[in-house]
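As structure tokens, the structure follows; a few thoughts come after it.
Protein chains: 2
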Amino acid sequence: MTELTRRDLLGGAGMAGAALALGPLAAPAPAGAAAPPAGKQAPGFYRYKVGSFECTSVTDGARTFPMPDMFVRNVPKAEALAAAEAAHMPKGMVTVPFTPQLINTGSKLVLIDCGFGAGMFEQSKGAIGQLMSNLAAAGIDPKSVDVVLMSHLHPDHTNGIRAADGSMAFPNAEIMVPAKDWAFWMSEENAAKAQSNEMMKGYFANVRKVYAGIENRVTRYEWGQEVAPGITAIDTHGHTPGHTSFAVQSGSSKLLIQSDVTNIPELFLRNPDWHVAYDIDPQEAAKTRHRFYDMAAAEKALIAGFHFSFPSLGYVEKDGSKYRLQPVRWSPVI
Amino acid sequence: MTELTRRDLLGGAGMAGAALALGPLAAPAPAGAAAPPAGKQAPGFYRYKVGSFECTSVTDGARTFPMPDMFVRNVPKAEALAAAEAAHMPKGMVTVPFTPQLINTGSKLVLIDCGFGAGMFEQSKGAIGQLMSNLAAAGIDPKSVDVVLMSHLHPDHTNGIRAADGSMAFPNAEIMVPAKDWAFWMSEENAAKAQSNEMMKGYFANVRKVYAGIENRVTRYEWGQEVAPGITAIDTHGHTPGHTSFAVQSGSSKLLIQSDVTNIPELFLRNPDWHVAYDIDPQEAAKTRHRFYDMAAAEKALIAGFHFSFPSLGYVEKDGSKYRLQPVRWSPVI
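Quick note, the sequences are listed as chains A and G, same order.
Residues 1 to 334 in this note's numbering are what the first sequence lists, from first letter to last.
Residues 1 to 334 in this note's numbering are what the second sequence lists, from first letter to last.
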């Protein structure tokens, strides 16, 4: 076989049969001769530097689920499914990862967003709720976290402040929330208006449950504020009224933590005018996306995306009226 | 600050100054208040399934070095550097990762290529020679490896069969090499002809050194042969005369291990007619690339690439006369 043919590459019964005839290596090996399978993924953390800051992407996991009918509100479902399939997601399904960022500024250990909470690990059969075990694998003691900084108050970003037993998962941390999101979700008037929308009703109830009894421990921050050393809050509203991104700067190095400027990039960074079901003000969210990515592309800025595939870091490029995410190369050293 | 501006996103002294004026959070925190930096990357292994086979990408590391003048033989250096820079490599530099694949077929534990050898770890300041420590992190005992399968006999693929002290790194493994590569590198006539070319001279000397005294332990395999259960050798010559890729099949699931059909995809998968310095027959190597990627793109085949960024798995798409690599999404579970 000296020609590379389709059959060579793609195998199938024909090739296996032909190969079996070639020699003794194809004979079945004794069962159980090989090492047992490990059955376990590598720990989901990744380290990188931004100037003198040591940063760690720490994933809370990923969910793969049948694409809901209105996952993309303003395009036909078939078109959204085609985009997911073109990105090699399983047919009919969508995969959404969830990845907080941990920034060690040298003086503060800052966790930006905190996942669904370890209580979701069992319920999701290990798919999500991985943050605490991945932090442990990374050698991070939750007691050493100084600040938990929320980009907005959706459950996948905020519920992880509670351990499974309801206690504080990061007992020594200041909890910082965007003032505008806090005002929105804590408004009785807004909550009353949301009762006719099951998704929004759930979100309002969730915020109240998660923050019940700890309202006084929460620091509200404003856009433009340096919320921790070198970490500045940026207005990227639309996804939620107080949705916030962060500029991290150390020396001449920069990182943009986009939070949910998009949901999964395969659909919503590629197609910035597509409206994900979870955007509260989809028109504003789309405007924010264009502004954010136009600037990031022009500056070749490194971006961390909560819903980007782990390690959730990349560069954005303009591609006509669309954008393309170029994931970072994994560096085996830091 | 309610408008997202370039200054918001990209920071700089102006913004930091403005933010400092906003409140007490910007005051310097006490030195040493945060947890100490870890200073260490996560272990470089990644698990995935191909049918019932448990596969593990295990990286040997990556080298970043000034791009040599003839790194791409048939385009001006400025063009090659521009492609590297467009892929966000450091200016003037090129980054090349090295990632063997470990396949547990259930009956055999097969390591495909084995890196530079742990002896290179110190010399490279930890950049390469990581395979053994990453295997250990993945819970793999080198004694449990049944087969070490070489795609070809370049040092980054083959030298890792030797431990730093010269003993066998995988003492119980059968060592399998492509018959055509073995014949090429072991030929005295070829070695004599190579003496005028420093790179080739070094390669010939290396093969002889690495295999000295273990020639009888080496099994030579042919293209088309099922070299281990479900793993079939494919002719992808050009990079070297015996350069081999592998089709891994379990049930209806398939994986193509391309080995060095390209060097780094940012340059040579994107531009399949570019000739990397290390291709022995660059015309044949380019033909192989087109055939391999045309088929892989048509079939949407999962590909592992030795020089792809860790976890070194992706899908290839046609893009006019070029190709584009779409890395897999990291799955936090297997």
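From the three backbone atoms N, C-alpha and C, an ideal C-beta is built for every residue, glycine too.
- The beta-carbon distance between A/S259 and A/T288, rounded to whole angstroms, is 11 Å. This is too long to meet the 8 Å contact definition.
- Around the beta carbon of A/G92, fewer than 16 other beta carbons lie within 10 angstroms, which makes this residue exposed.
- The straight-line gap separating the alpha-carbon atoms of G/I140 and G/A164 is approximately 18 Å.
- A/Q123 sits exposed, since fewer than 16 C-beta atoms from the chains shown fall within 10 Å of its C-beta.
- Nearest to G/A247 by alpha-carbon distance, out of G/M200, G/I103 and G/R270, is G/I103.
- Between the alpha carbons of A/D181 and A/P241 lies a gap of roughly 6 Å.
- Taking the CA atoms as reference points, A/D146 sits about 11 Å from A/G106.
- DSSP, read as helix, strand or coil, puts A/S144 in helix.
- In the displayed model, G/D294 falls within a helix according to three-state DSSP.
- The three-state secondary structure of A/G202, taken from DSSP, is helix.
- The beta-carbon of A/N216 is placed no less than 8 Å from the nearest beta-carbon of chain G.
- In this structure, G/S144 sits near A/A35, with a CB-CB distance shorter than 8 Å.
- G/G119 and G/A127 have their C-alpha atoms spaced approximately 12 Å apart.
- Less than 8 Å divides the Cβ of G/L111 from the Cβ of G/P100.
- One alpha carbon belongs to G/W223, the other to G/A38, and they sit about 46 Å apart.
- For A/I334, the closest Cβ of chain G is nearer than 8 Å.
- Between the region 203–220 of chain G and the region 264–271 of chain G, the count of Cβ pairs shorter than 8 Å is below three; the stretches do not touch.
- When rounded, the separation of the alpha-carbon atoms in A/Y46 and A/A137 is 11 Å.
- Under the three-state reduction of DSSP, G/P282 is assigned to helix.
- With three or more CB-CB distances shorter than 8 Å, the region 42–61 of chain G counts as touching the region 293–311 of chain G.
- At a cut-off of 8 Å between beta-carbon atoms, A/T59 makes contact with chain G.
- Close partners of A/T95 in chain G (Cβ separation under 7 Å): R329.
- Under the three-state reduction of DSSP, G/A38 is assigned to coil, being neither helix nor strand.
- The alpha-carbon separation between G/I257 and G/V328 amounts to approximately 14 Å.
- The C-beta distance from G/N134 to G/G44 rounds to 5 Å, short enough to meet the 8 Å contact threshold.
- The CB of A/S309 comes closer than 7 Å to the CB of R329 and W330 in chain G, given here in chain order.
- Burial check for G/P90: the Cβ neighbour count within 10 Å stays below 16, so the residue is exposed.
- Flagged as an interface residue toward chain A: G/S144, by a C-beta distance shorter than 8 Å.
- Around G/I257, no beta-carbon contact reaches into chain A at under 8 Å, the shortest distance being about 11 Å.
- Each of G/S331, G/K322, G/W274 and G/Q283 was checked against the Cα of G/M70, and the nearest Cα belongs to G/W274.
- If only complete runs of 4 or more residues are kept, the region 94–133 of chain G shows the alpha helix (DSSP H) at 120–123, in order along the chain.
- The Cβ atoms of A/H88 and A/H152 do not sit closer than 8 Å to each other.
- Exposed is the label assigned to G/D319, since fewer than 16 other Cβ atoms lie within 10 Å of its Cβ.
- At a cut-off of 8 Å between beta-carbon atoms, A/K91 makes no contact with chain G.
- Cα atoms of G/T95 and A/K201: separation of roughly 49 Å, rounded to the nearest angstrom.
- For the pair A/L302 and A/A192, the Cα-to-Cα distance works out to about 40 Å.
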